[in-house]
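Asks: For the sequence shown, my numbering gives the first residue as 177, with consecutive numbering after it. Glycine is no exception: its CB is placed at the ideal position from the N, C-alpha and C atoms. These figures come from a predicted structure and were not determined experimentally. Just dropping this structure here.
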Amino acid sequence: MDNVDEHYKSVVTKIAILSRFRDAVRQVSLNKIFKTAQRRDELYMAIIEALEDLEDELEELEEAEMKKAEKD
Numbered sequence: 177m178d179n180v181d182e183h184y185k186s187v188v189t190k191i192a193i194l195s196r197f198r199d200a201v202r203q204v205s206l207n208k209i210f211k212t213a214q215r216r217d218e219l220y221m222a223i224i225e226a227l228e229d230l231e232d233e234l235e236e237l238e239e240a241e242m243k244k245a246e247k248d
């Protein structure tokens, strides 16, 4: 059970961190960090894809936990 809880917490933490990165990328001035708009957009899309993967993983963990609770 501890492994599942730790994994769940890890996924939630990663989602929170990547969400902040996503927000920061949107808020920062283009010419302060990024050489081109394309680089910014590529980073933004990579963050979005990672968030989607983590949200899918979180959903799977929650579904597995619900199934386990139904058995008990």
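Let me check understanding here. Comparing Cα to Cα, which of M242, E239, D229, A222 lies closest to R198?
Replies: The sequence position of residue 198 within the sequence shown is 22, counting from 1. Closest option to R198, Cα to Cα, is A222.
Asks: Output needed for S205: all residues of its chain with C-beta closer than 7 angstroms, excluding positions within five of it in sequence on either side, in chain order.
Replies: Locating residue 205 in the sequence shown gives position 29, counting from the first residue. If the five residues before and after S205 are omitted, its C-beta is found closer than 7 angstroms to no C-beta atom of its own chain.
Asks: Could you tell me if V187 is buried or exposed, where buried requires 16 or more neighbouring beta carbons within 10 angstroms of its beta carbon?
Replies: For the purposes of this step, residue 187 is identified with residue 11 of the sequence shown, where counting begins at 1. V187 is buried by the Cβ-count criterion.
Asks: When you compare only the Cα positions, how much space is there between A245 and T189?
Replies: As a first step, residue 245 must be located in the sequence shown, where it is residue number 69. As a first step, residue 189 must be located in the sequence shown, where it is residue number 13. Near 24 angstroms, if we compare the C-alpha coordinates of T189 and A245.
Asks: Identify, in the order they occur along the chain, each residue of the same chain with its Cβ nearer than 8 angstroms to the Cβ of A200, setting aside the five sequence neighbours on each side.
Replies: In the sequence shown, counting from the first residue as 1, residue 200 sits at position 24. Counting only Cβ-Cβ distances below 8 angstroms, and skipping sequence neighbours, we find nothing.
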